[in-house]
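Student: So the protein lines, in turn, are chains U and W. For the first sequence, position 94 matches number 98 in the working numbering, and the numbering has no gaps at all. For the second sequence, position 53 matches number 57 in the working numbering, and the numbering has no gaps at all. Below is one structure. I have some questions about it.
There are 2 protein chains.
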Amino acid sequence: MSAACVYIGLVHYPVYNKKGELIATSVTNLDLHDISRIGATYAVAGYLVIHPHLAQQRLVAEILHYWVEGYGAEYNPDRKQALQGLTTVSSLAEAIGLIERNEGRRPKIVTTDARLFPNSIGYCPLRRKISTEEGPWLLLFGTGFGLDRQTTESADYILEPVWGRGEYNHLSVRSAVAIILDRLLGPSFLGDKEN
Amino acid sequence: MSAACVYIGLVHYPVYNKKGELIATSVTNLDLHDISRIGATYAVAGYLVIHPHLAQQRLVAEILHYWVEGYGAEYNPDRKQALQGLTTVSSLAEAIGLIERNEGRRPKIVTTDARLFPNSIGYCPLRRKISTEEGPWLLLFGTGFGLDRQTTESADYILEPVWGRGEYNHLSVRSAVAIILDRLLGPSFLGDKEN
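If you want it as structure tokens, here you go:
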């Protein structure tokens, strides 16, 4: 399991807004921090923040500079370690190209969505695939009101929504990344001990 | 499982700062939103924000007012639903008293910590206890550099730290709440299907 090569991508464009229009969302500081820390916890190969706008890419670069090279790195080395895994790219195509250059193979793409699709895959089958099939893998998470339909439908797999206990499924993207990585890459203690 | 009565508490005092001194931390807007949404997803009986300072309690009240009764409630009813589960209390004693009045029984207290203690309990045993023993339960999460030792040691159970793949365990409290509730209350699909 520990060798599985998984990248995560946070998509700021193309995603939907509340009205169902395609937009680019703004970068959120805590998405950078929280998701980098989750990525470090689950030893992902990289965290790709996907944003087409130069001004937003520069904002991310400025935040990273403070924590990776500036005073933040000295003040909190754990945060430096986490944020070192973050790279900004302009598009999904650029993300795929970067992974292909790093790993020598094109990644298999998994999209996540709060809705269920006819061809959605469950956590257990995907966990098994990731641990047994050759990677790399790219898990995509949408900001705003979710990934555009074309990105979702062109993926290799669409992961089932996160359900807890009941009907409510309006988690923040930060929480969804935490739960999904734990389900796919976390220790399988429940399976090991409960049965 | 669905009937288990679980409250979550976010402790702002007494917690440690970086130097190991006991302090009260500031309220963080996204802790209110993200953790309320996680609480709604896992159908907790209540989310208690524990802060002794009146000014901070008023800040929480103002944010809640906007989302539960103000324009936010109309703009985003899902957020209203989540934040309706949030209550501010001044101390752990007040949190326990509130649960006792609501449920007719004193809660069993579980603390969470990024460190391992000799009497730490694992996720699987605690999940089984929650699903089979009578509640209510109160899961406590510390802000800052974690819950003070006295609170931790006086709890009924200390939950094992969250480990992912590797050595890094510096998650945000928001991420820790997401992963821990999923492990304790989420669907047991891994156990069901993998074995």
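Ideal Cβ placement from N, Cα and C applies to all residues, glycine included.
How about the segment 8-18 of chain U and the segment 47-60 of chain U: do they share at least three Cβ pairs that are nearer than 8 Å?
Tutor: Yes, since at least three Cβ pairs between the segment 8-18 of chain U and the segment 47-60 of chain U fall closer than 8 Å, the two stretches touch.
Student: For ALA79(W), does the count of other Cβ atoms within 10 angstroms reach 16, so buried, or fall short, so exposed?
Tutor: Counting from 1 along the second sequence, the entry for residue 79(W) is found at position 75. Residue identity check: residue 79(W) is Tyr in the sequence provided, not Ala. Under this definition TYR79(W) is an exposed residue.
Student: Taking Cβ positions only, does GLU66(W) come closer than 8 Å to chain U?
Tutor: Position 62 of the second sequence, counted from the start, is the residue given in the question as residue 66(W). It does not; no Cβ of chain U falls within 8 Å.
Student: Contact criterion: CB-CB distance below 8 Å. Does SER176(W) meet it with respect to chain U?
Tutor: For the purposes of this step, residue 176(W) is taken as the residue at position 172 of the second sequence. Yes, SER176(W) counts as interfacial toward chain U.
Student: Let's see if you can read the secondary structure: which residues bound the beta strand (DSSP E) around THR155(U)?
Tutor: Within the first sequence, residue 155(U) is the residue found at index 151, counting from 1. Careful: THR155(U) lies outside any beta strand (DSSP E), inside the alpha helix (DSSP H) at 153-157.
Student: Do ARG187(W) and ALA47(U) come within 8 Å of each other at the CB atom, strictly closer than that value?
Tutor: Counting from one through the first sequence, the residue named residue 47(U) turns up at place 43. Counting from one through the second sequence, the residue named residue 187(W) turns up at place 183. Not closer than 8 Å, so no.
Student: Between GLN85(W) and the rest of its own chain, which residues show a CB-CB distance below 7 Å, the 5 nearest in sequence each way excluded?
Tutor: For this step, residue 85(W) is matched to residue 81 along the second sequence. Answer for GLN85(W): ALA44, listed in chain order.
Student: Can you give the beta carbon distance from LEU163(U) to SER124(U), rounded, assuming they're within the 8 Å contact cut?
Tutor: By one-based count along the first sequence, residue 163(U) stands at place 159. By one-based count along the first sequence, residue 124(U) stands at place 120. Confirmed, about 7 Å.
Student: Name the chain U residues whose beta carbon is nearer than 7 Å to that of ALA182(W)?
Tutor: Here residue 182(W) refers to the residue found at position 178 when the second sequence is read from its first residue. The contacting residues are SER179, ALA182, ILE183.
Student: Could you confirm whether any beta carbon from chain U is found closer than 8 Å to the beta carbon of GLY146(W)?
Tutor: Reading the second sequence from its first residue, position 142 is the one you call residue 146(W). No, because no Cβ of chain U sits closer than 8 Å to the Cβ of GLY146(W).
Student: Hey, is THR156(W)'s beta-carbon within less than 8 Å of any beta-carbon in chain U?
Tutor: For the purposes of this step, residue 156(W) is taken as residue 152 along the second sequence, with counting starting at 1. Closer than 8 Å: no.
Student: Check distances from the C-beta atoms of the segment 121-148 of chain U to those of chain W and list, in chain order, the residues that come in under 9 Å.
Tutor: Taking 9 Å as the Cβ-Cβ cut-off against chain W, the residues of the segment 121-148 of chain U that qualify are GLY126, TYR127, CYS128, PRO129, ARG131, ARG132.
Student: Could one say the Cβ of THR45(W) lies closer than 8 Å to chain U's Cβ atoms, at least one of them?
Tutor: For the purposes of this step, residue 45(W) is identified with residue 41 of the second sequence, where counting begins at 1. Yes, THR45(W) lies at the interface with chain U (some Cβ there is under 8 Å from its Cβ).
Student: Extract the residue ranges of the beta strand (DSSP E) inside the segment 126-151 of chain U, only unbroken runs of 3 or more that lie entirely within it.
Tutor: Correct list: 141-146.
Student: Have a look at the DSSP bridge pairing and note the partners of TYR20(U).
Tutor: Reading the first sequence from its first residue, position 16 is the one you call residue 20(U). DSSP lists LEU26(U) as partners of TYR20(U).
Student: Look up GLY168(W) in the DSSP assignment and say whether it is helix, strand or coil.
Tutor: Within the second sequence, numbered from 1, the residue matching residue 168(W) stands at position 164. The answer is coil: DSSP assigns GLY168(W) none of H, G, I, E or B.
Student: Determine the DSSP secondary structure at THR45(W), reduced to helix, strand or coil.
Tutor: Within the second sequence, numbered from 1, the residue matching residue 45(W) stands at position 41. Helix, per DSSP.
Student: Please list the partners that ASP152(W) has in chain U, where partner means a Cβ-to-Cβ separation under 9 Å.
Tutor: Residue 152(W) sits at position 148 when you count from the first residue of the second sequence. None at all; the shortest Cβ gap to chain U is about 21 Å.
Student: Do you know offhand how far LEU130(U)'s Cα is from GLY101(W)'s?
Tutor: Start at 1 with the first residue of the first sequence, and residue 130(U) comes out as number 126. Start at 1 with the first residue of the second sequence, and residue 101(W) comes out as number 97. In a straight line, the C-alpha of LEU130(U) is about 44 Å away from that of GLY101(W).
Student: Is it right to say GLY24(U) is buried, meaning 16 or more other beta carbons lie within 10 angstroms of its own, or is it exposed?
Tutor: The residue you call residue 24(U) lines up with position 20 of the first sequence. Exposed.
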